[in-house]
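Data block below; observations after.
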Ligand SMILES: [Zn+2]
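In this note's numbering, the protein residues as written are 2 to 132.
Below, the structure written as structure tokens:
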């Protein structure tokens, strides 16, 4: 049993709003997680995992998420987005010979995309959406 509490989505969102009131950019997933944990510390020992913090921030509509990637030479089929878990859409292009060729995948839910050289996310940058 962990000694800390898993915060509700509401609590994470409230803390995120707080953080974005003070700063415009959070420059990594690790920083996002640390700011959230610190923000919630006043209310108890709450901790949110990095990937969950990222998904909540992405779905909040409060930030634009930019994804930095490195390319690998892995040629593996992808079904689900490595960033948000939604289904990926195969991107095809018609060839002059009347067939189609796979160009890669694009997420319908977040900005992730990849060509046939697989792009692996290495960093996420969250920028407050101006309102
Ligand atoms: Zn996605």
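Glycine residues also receive a C-beta, built at the ideal position from the N, C-alpha and C atoms.
Bear in mind that the values here come from a model prediction, so they are computed numbers and not experimental data.
Inset, instruction - Say yes only if the C-beta of residue 113 is nearer than 7 Å to one or more non-hydrogen atoms of ligand 1, and no if none qualify. - result: For the purposes of this step, residue 113 is taken as the residue at position 112 of the chain shown. For ligand 1, at least one heavy atom lies less than 7 Å from the Cβ of residue 113.
Legend entry - Between the CA atoms of residue 121 and residue 13 - distance to the nearest angstrom: Against the chain shown, residue 13 aligns to sequence position 12. Against the chain shown, residue 121 aligns to sequence position 120. For residue 13 and residue 121, the distance between alpha carbons rounds to 26 Å.
Inset, instruction - Mind checking which residues open and close the beta strand (DSSP E) that includes residue 121? - result: Residue mapping note: residue 121 aligns to position 120 of the chain shown, counting from 1. 120-129 is the extent of the beta strand (DSSP E) around residue 121.
Inset, instruction - Quick one: residues in its chain with C-beta nearer than 8 Å to the C-beta of residue 86, no 5 flanking neighbours on either side, listed in chain order? - result: Translated into the one-based positions of the chain shown, residue 86 becomes position 85. Closer than 8 Å at the Cβ level, and outside the excluded window around residue 86, lie 56.
Legend entry - Nearest-angstrom Cα separation, counted from residue 126 out to residue 179: Only positions 2 to 132 of the chain appear in this structure, which leaves residue 179 out of reach.
Legend entry - Presumed contact (8 Å Cβ cut-off) between residue 115 and residue 105, rounded CB distance: Taking the chain shown and counting its residues from 1, the one referred to as residue 115 is at position 114. Taking the chain shown and counting its residues from 1, the one referred to as residue 105 is at position 104. Indeed they touch by this definition, with Cβ atoms about 5 Å apart.
Legend entry - Cβ-based neighbour list, residue 46, same chain, cut-off 8 Å, excluding 5 preceding and 5 following: Position 45 of the chain shown, counted from the start, is the residue given in the question as residue 46. Around residue 46: 4, 5 and 6.
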